[in-house]
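Below is one structure, written out as structure tokens; the observations come after it.
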Amino acid sequence: MTAETRAPRPMRADARRNYEKLVAVATESFLANGPDASLDDIAKRAGVGPGTLYRHFPNREALLDAVCVQWADSVAADAAPLLTAEDPTAALNEWLVRLVDHVGAFKGLASALLLSADRKHDTAWVLHHTSEELVERAKAAGGIRADVTTSELMQLTSGVTYACGTSKAMKKPSSSPERLIGLIMDGVRLR
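Residue numbers for the sequence shown follow my numbering, beginning at 6 and rising by one.
What follows is the structure in structure tokens.
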């Protein structure tokens with residue numbers, strides 16, 4: 006076996022801890038300061054030197070990619086039980102509320118992650134696949150109208166995410182995501 010065909014060696018325990026700490030700190034920093042957050046500050050807050058950061062992530066895009074992968078994994082793990090739930094319409098409702106939480110937590114960073122990271126298609130695929138499957142299951146169970154599309158529900162959910170985020174930013178009370186998604190679901194249910 007040549008050097009080119011060998012599988013990469015697993016990370017040492019300390020390297021794995023540094024990697025995970027860097028991703029966690031980067032997530033916090035990108036959320037607070039946007040995708041242009043200082044990489045040196047991220048390294049310092051993670052308790053490592055800049056060289057360690059750059060050994061793991063040769064550039065900003067690679068670090069954004071790692072944050073994106075972690076986000077996609079979190080969304081997928083959150084969605085998994087809903088894909089097999091007994092009540093597909095309740096599962097769709099719960100997914101839309103969770104989606105508001107996931108995307109809302111990442112504020113404007115979500116689009117930067119989706120547009121900048123090499124693995125953007127993974128996150129977009131998780132969001133689309135889960136939404137599509139839950140919409141189709143709810144339709145098949147007779148829980149929502151047959152003419153409702155996944156795209157329409159995603160647009161409405163994006164509006165809820167925006168409305169909730171704007172209300173928080175302006176420090177004004179708003180209806181909860183659960184209430185707003187409930188109103189949407191009332192509108193798409195079969196009568």
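Ideal Cβ positions, reconstructed from N, Cα and C, are used throughout, including at glycine. Quick caveat: nothing in here was measured; it's all calculated off a predicted structure.
- Per DSSP, Gly147 lies in no alpha helix (DSSP H) segment and is marked neither H nor E.
- In the three-state reduction of the DSSP assignment, Arg194 falls in the strand class.
- In this structure, the straight-line span from the alpha carbon of Ala95 to that of Arg194 is close to 11 Å.
- Three or more beta-carbon pairs drawn from the segment 127 to 136 and the segment 153 to 162 are found closer than 8 Å, and the two stretches are therefore classed as touching.
- With a threshold of 16 other beta carbon atoms within 10 Å, Pro15 falls short and is exposed.
- Secondary structure in the segment 17 to 62: the alpha helix (DSSP H) runs of 4 residues or longer, each lying completely within the stretch, are 18 to 38, 44 to 51, 55 to 61 in chain order.
- The residues Leu139, Arg142, Ala143, Ala145, Ala146, Gly148, in chain order, have a CB closer than 8 Å to that of Pro93 in the same chain once the five nearest residues on each side in sequence are set aside.
- By the Cβ-count criterion, Ala20 is exposed, with fewer than 16 other Cβ atoms from all chains shown falling within 10 Å of its own Cβ.
- Closest by C-alpha distance to Arg184, out of Ser163, Ala129, Val102, is Val102.
- Secondary structure note for Leu87: it is in no alpha helix (DSSP H), with a DSSP letter that is neither H nor E.
- Put simply, the backbone Cα of Asp41 is about 14 Å away from that of Val30.
- Per DSSP, reduced to three states, the secondary structure at Ser180 is coil, with no helix or strand assignment.
- About 44 Å separates the beta carbons of Asn98 and Thr57, which is beyond the 8 Å limit, so they are not a contact pair.
- Under the three-state reduction of DSSP output, Asn98 falls in the helix class.
- In the three-state DSSP reduction, Thr162 falls in the helix class (H, G or I).
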